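In the numbering used here, the protein residues as written are 74 to 488.
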């Protein structure tokens, strides 16, 4: 079944107009490079921050990251009405390269607080460059053509993340061996170099375009979902709880790596391997498992399956059986499934809605609740951050997740 599906997709791709095919391939390679750079920059910035300020300060930098991302997206929504996509993309690349070079230089000079800026911007640049790449594709090819490529593009991006993580894991020890240290500094520079190269790849798409503007603004998001408000509330609640769970797992992992992996270079090397495995899980689900799961299993049971698996893995981290390895497995699995299976299953929840309701629901859930939930759990962790509190809260959230899912599918029992 998988091979026949791939064969059909290949045939449809061959039949696409030559110009569209060139744009798709350029965007695909560009996304690969962008996501190849991310584990390098992410490993370097995270390791530096944990080494300088410790795991208990990560909730603060998470809050700053959400604020910076929200401001950046707001500004870009205004600029994209006036500037073409090439200008916007090149501007982000230019700012990112300069910013990361400065942060790397300040780290080399032992200016600790540069790690805050390094960490925050790495959360911003990846979202903006991926958004602009996909936005260009949406604006330059027909919808049915773009829809055909979303799955393969996501898988190729995940593959870039896998290889970027492996490169990070191998490059840092190699650079330390030949240079006597500073592997984290050089892997950061390598990541920046890859980001700079995407400028040339993106330009190869040819004619620039303006990103498509959303026309569904006759109703406010809240008014558009008035008739399905209880359903949208439950979807939003599940997404919020899922982000509580992911961030609690991330914090639990940060505590573990701080206590179990000594040294900056060792932390960054280990993180490269972790991020590679997260992307590998995402890649395998996107290519092989999600098409099969969604074909043979109802979306309802997929949504029950995710927190149930999370609970089983969570139990392995408790008591005498616990330790850093189970915590790492928990973090890798949670993030990998969140990027792939949960992301896809969440999108399926919008299908029962009318088009105008989908617009309102996605705006409320993806733009507001998703970010707000990250800020809420981060603020809580700034005050209550013991390992016992994290475990208790994580367990409660997983139980609440299952209960909310049960309520959700009483609203849409036929899905």
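Glycine residues also receive a C-beta, built at the ideal position from the N, C-alpha and C atoms. Predicted model, so just to flag it, every value in this text is computed and none were measured.
Query, Result
"Between the CA atoms of residue 205 and residue 101 - distance to the nearest angstrom", "12 Å"
"Three CB pairs or more closer than 8 Å across the stretch 385 to 402 and the stretch 303 to 310", "no"
"Contiguous beta strand (DSSP E) assignments of at least 3 residues, all confined to the stretch 235 to 279", "none"
"Start and end residues, alpha helix (DSSP H) containing residue 475", "460 to 484"
"Beta carbon of residue 245 nearer than 8 Å to that of residue 256", "yes"
"Alpha-carbon spacing of residue 360 relative to residue 342, whole angstroms", "27 Å"
"7 Å Cβ shell around residue 235 - same chain, five flanking residues per side excluded", "349, 352, 353, 356"
"Buried or exposed (CB count within 10 angstroms, at least 16 for buried), residue 271", "buried"
"Exposed unless 16 or more other CB atoms sit within 10 angstroms - verdict on residue 451", "buried"
"Nearest-angstrom Cα separation, counted from residue 389 out to residue 241", "28 Å"
"Burial state of residue 178, where buried means 16 or more other Cβ atoms lie within 10 Å", "exposed"
"Range of the contiguous alpha helix (DSSP H) that encloses residue 389", "Residue 389 -> no alpha helix (DSSP H), and no H or E assigned at all."
"Distance CB(residue 176)-CB(residue 190) smaller than 8 Å", "yes"
"Residue 128 - containing alpha helix (DSSP H), residue span", "Neither: residue 128 is in no alpha helix (DSSP H) and is coded neither H nor E."
"Contacting residues, own chain, Cβ-Cβ under 7 Å from residue 152 (five flanking each side not counted)", "161"
"Residue interval of the alpha helix (DSSP H) (run including residue 323)", "302 to 333"
"Reference residue 208, options 96, 303, 195, closest by Cα", "96"
"N-terminal and C-terminal residue of the alpha helix (DSSP H) that residue 448 is part of", "443 to 456"
"Any 3 or more C-beta pairs closer than 8 Å across the stretch 132 to 148 and the stretch 327 to 336", "no"
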